[in-house]
Amino acid sequence: MNINNWELLQNGGFFKSNGRPGIARVIVGAPISTKGMTEENLVDLRTQVHEFIKTELDKYYGTKD
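Using the working numbering, the letters of the sequence shown map in sequence onto residues 58 to 122.
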């Protein structure tokens with residue numbers, strides 16, 4: 058997941074805006090196994106992904122509490 062993409066890219070639409078030089082900060086987590094999952098597990102998988110993203114963003118930026 059890219060942490061600071063918004064700092065490096067300008068608004069203006071896909072392929073219509075210019076970026077600026079800088080270091081993109083990325084967090085790469087451990088793979089989430091989908092072995093044995095079916096479409097019935099889609100909501101659970103989505104929840105796992107959202108929780109990972111939220112946890113990492115909270116670590117990086119802090120929580121709003």
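Note that the Cβ used here is the ideal one computed from N, Cα and C, for glycine as well.
The structure presented is a predicted model; accordingly, all values stated were derived computationally and were not measured.
(message) Considering only DSSP beta bridges, list what Asn-59 is partnered with.
(response) Taking the first residue of the sequence shown as 1, we reach residue 59 at position 2. Looking at the DSSP assignment, Asn-59 forms a beta bridge with Val-83.
(request) Say whether chain B places a C-beta atom closer than 7 Å to the C-beta of Leu-99. (result) Included in the structure is just one protein chain, with no chain B present.
(request) Kindly identify the DSSP beta-bridge partner or partners of Gly-76. (result) Position 19 of the sequence shown, counted from the first residue, corresponds to residue 76. In the DSSP output, where bridge partners are listed per residue, Gly-76 has Leu-66.
(request) Find the nearest neighbour of Arg-82 within the set Met-58, Leu-102, Lys-121, Ile-89, judged by alpha-carbon distance. (result) For the purposes of this step, residue 82 is taken as residue 25 along the sequence shown, with counting starting at 1. Of the candidates Met-58, Leu-102, Lys-121, Ile-89, the one whose C-alpha sits nearest the C-alpha of Arg-82 is Met-58.
(request) Kindly indicate which residue of Ile-89, Gly-119, Asn-75 has the alpha-carbon position closest to the one of His-107. (result) Indexing the sequence shown from 1 puts residue 107 at position 50. Minimum Cα distance to His-107 is reached at Ile-89.
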